[in-house]
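Asker: Just so we're aligned, residue 80 is where the sequence shown starts under our numbering, counting upward by one.
Glycine included, each C-beta is placed from N, C-alpha and C at the ideal position.
In this text the structure is predicted, and so the values were computed from the model without any measurement.
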Amino acid sequence: MKPVTLHPLSVLAGLVLACLVVLSIGAAQTPRPTTKTTFVGEVPAEWWMYATTPYTVPSDRRLVVTLMSVATEVYVNGVFDTPRFLPVRTVGLPDIGTRVVPQPGDVITGGQLWGYLEPLN
């Protein structure tokens, strides 16, 4: 029987390649999703949103506007509604801190909105 000889450099290269494959498989796995809800203030993190207008409030949610940038007049469903939005904290104006809650299906135009989408109960 003929003796088997292994080339040392080839064995080393094969071991390195095998280790890289094992490491890359481990790195490609996604972490398990957690069911823990993270809150930002009193609101779950996944509810927070930013929207440029025109924006339509989803039919299964209520939009709570907590901050806005009023570049122009604000309209809700085509009706001038800037006075109702001005008590919200606005960029460049004093912080009054109230919130405006447009209803599901409302279309808002004029400005940028920050807030959260609260599910309907």
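Applying the 10 Å Cβ sphere with the 16-neighbour rule, what's the burial state of Asp-139?
Answerer: exposed
Asker: Using 10 angstroms around the beta-carbon of Pro-181, count the other beta-carbons present and answer buried if the total reaches 16, otherwise exposed.
Answerer: buried
Asker: If we count the other Cβ atoms within 10 Å of its Cβ and call it buried at 16 or more, is Leu-192 buried or exposed?
Answerer: buried
Asker: State the CB to CB distance for the pair Met-128 and Gly-189, rounded to an integer number of angstroms; the pair is presumed to be in contact (CB under 8 Å).
Answerer: Contact check for Met-128 and Gly-189: beta-carbon distance about 17 Å, past the 8 Å limit, so the pair fails to qualify.
Asker: So which of Pro-123, Ser-89, Ile-104 has the shortest CA-CA distance to Glu-197?
Answerer: Pro-123
Asker: Can you name, in chain order, every residue of its own chain whose Cβ lies under 6 Å from the Cβ of Val-144, other than the five neighbours on each side?
Answerer: Val-167, Val-179, Leu-192, Gly-194
Asker: Val-147: buried (16+ other C-beta within 10 angstroms of its C-beta) or exposed?
Answerer: Here the sequence assigns Met to residue 147, which means Val is not the residue at that position. So Met-147 ends up on the buried side.
Asker: On the premise that Val-186 lies in contact with Pro-137, defined as a C-beta separation below 8 Å, what is that separation, rounded to the nearest angstrom?
Answerer: Actually they are not in contact, since the Cβ atoms of Pro-137 and Val-186 sit about 12 Å apart, beyond 8 Å.
Asker: Using C-beta distances below 8 Å, list every residue in its chain close to Pro-183, excluding the 5 sequence neighbours before and after it, in chain order.
Answerer: Closer than 8 Å at the Cβ level, and outside the excluded window around Pro-183, lie Val-136, Pro-137, Ser-138, Asp-139, Arg-140, Arg-141, Leu-199.
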